[in-house]
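Trainee: Just so it is clear: in the first sequence, position 83 is 83 by UniProt numbering, and no numbers are missing. We put the CB at the ideal spot given by N, CA and C, even for glycine. Before I ask anything, here is the structure I am working with.
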Amino acid sequence: MPSGRVPLALLHERVNAWYATEGRAHLPWRHPDCPPWGVFLSEVMSQQTPLARVEPIWHEWMERWPTPAALAAAAPGEAVRAWGRLGYPRRALRLHEAATAMVERHDGQVPRTPEELLALPGVGAYTAAAVSCFAFGLPEVVVDTNVRRVLARTLEGKAFPHLTLNRAEARLAAASMPADRDTANTWNVAVMELGALVCVARGPRCGDCPVADLCAWNLDGRPAYDGPPRRGQAWHGTDRQVRGELLRRLRDSVTPLPVQALEGSGDDPLQVMRCLDSLVADGLVEPLPRRRYRLPA
DNA sequence: TACGCGTGGCG
DNA sequence: TCGCCAAGCGT
């Protein structure tokens, strides 16, 4: 439960002022001339992915596919190939599908409202709100992992939020929004940035924080996290690893690969074939006659 | 609601 | 070293 003791107006003022001087204004999708399509791309690419890895891929995509129509005209497999090692490659496929939907339903434009954005593949509550706000200036409630952590600490005095975003937390985020539209738009990006640069998960830099003297967690002596265990993500020997290796081989080949060239993608042959089937089912891989495979044309 | 989904860097 | 974490989404 929020303490109700943190003065929100002061919180907004401090965080927004901090962002004006310390925020990464050089990020290309934050440039005033960046089109909504560039913002849209950056948001999908940034899902569960550090920005440092996103930036070079973003530049390549914007040069190659500067509009939704340009991407929609390409083969989906080319989007998967250009995705490189960004991770979660289904996002590349969904971007291609979203671009197609923009051409068919939105006159080739990125839609403006959260409702329209939510209807696009690969767009959830966070991305819809972020694009509405950052590309079009609508004061939506933008809640990502950074915002959740900052609010958990400053308002609730906890080291980390719950494992999953629940209704009470969404209410808290909405209630913590500035009433003024311009202030709200800056707040959305500024509080995210504070979580990304200062109020980080491990080793928070409270000495550099503009609201350390208001933060319930800091004022309470930064008590350790005492909630349920935060489950890690298995990797070695998992389907994820095998799928990643299969896709890496297919990305690196200009021509279709025979199944023999893919068999060594894991230690368990049955697992490799199961993963290959799952990639086909996901639309990330296209099967050809004579047991050959390629990225979808 | 809980889980599966890539990849790589950092403490 | 190795587990944790990163501008989440779909089922």
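Under 8 Å, do V6 and T154 count as touching if we go by C-beta distance?
Mentor: Cβ atoms of V6 and T154: closer than 8 Å.
Trainee: For the stretch 125-134 against the stretch 150-164, do three or more pairs of beta-carbon atoms, one drawn from each stretch, fall closer than 8 Å, so that the two count as touching?
Mentor: no
Trainee: Answer with buried or exposed for W235, where buried requires no fewer than 16 other C-beta atoms within 10 angstroms of its C-beta.
Mentor: exposed
Trainee: Thinking A72 and T100 are a contact (beta carbons under 8 Å), I'd like their distance in whole angstroms, please.
Mentor: 4 Å
Trainee: With H, G and I counted as helix, E and B as strand and the rest as coil, what does DSSP make of L288?
Mentor: L288: strand per DSSP, three-state reduction.
Trainee: Per DSSP, which one or two residues make a beta bridge with L257?
Mentor: Y293
Trainee: Assuming V131 contacts L117 under a Cβ cut-off of 8 Å, what Cβ separation, rounded to an integer in Å, is found between them?
Mentor: 6 Å
Trainee: Skipping 5 residues on each side, what residues in its chain have a beta carbon closer than 6 Å to that of M1?
Mentor: With a pLDDT of only 46 at M1, under the threshold of 50, the placement of this residue in the model should not be trusted; the figure read from the coordinates follows. Answer for M1: no residue qualifies.
Trainee: Just to confirm before moving on: does the CB-CB distance between V80 and P89 stay below 8 Å?
Mentor: yes
Trainee: Could you have a look at M1 and say whether DSSP puts it in helix, strand or coil?
Mentor: No answer about M1 holds up, because its pLDDT of 46 lies below 50 and its placement is not dependable.
Trainee: By the three-class DSSP mapping on this structure, what secondary structure does R222 have?
Mentor: coil
Trainee: For K158, tell me which candidate among A216, H26, D252 has the shortest Cα-Cα distance.
Mentor: A216
Trainee: Is it buried or exposed for V191, if we count other Cβ within 10 angstroms and need 16 for buried?
Mentor: buried
Trainee: Give the C-beta separation of V242 and G266 to the nearest angstrom, bearing in mind that I take them to be a contact with Cβ-Cβ under 8 Å.
Mentor: 4 Å
Trainee: Hey, how far is the Cα of L214 from the Cα of T238?
Mentor: 44 Å
Trainee: Can you find the residues in the same chain that come closer than 7 Å, C-beta to C-beta, to L288, ignoring five residues on each side of it along the sequence?
Mentor: P256, R294
Trainee: Between G195 and the ligand PLP, is there a pair consisting of the residue's CB and a ligand heavy atom that are separated by less than 7 Å?
Mentor: With respect to the ligand PLP, the structure offers nothing, as it holds no ligand at all.
Trainee: From P111 to E97, what distance separates their C-alpha atoms?
Mentor: If you take the alpha carbons of P111 and E97, they lie about 14 Å apart.
Trainee: I need the straight-line Cα distance from P296 to V285, nearest angstrom please.
Mentor: 6 Å
Trainee: Would you call the stretch 22-31 and the stretch 49-60 in contact, with 3 or more CB pairs under 8 Å?
Mentor: yes
Trainee: What do you reckon, are the CB atoms on M45 and V54 nearer than 8 Å?
Mentor: yes
Trainee: First and last residue of the alpha helix (DSSP H) that includes A170?
Mentor: 167-175
Trainee: Between M177 and V143, what straight-line distance do the alpha-carbon atoms span, to the nearest angstrom?
Mentor: 11 Å
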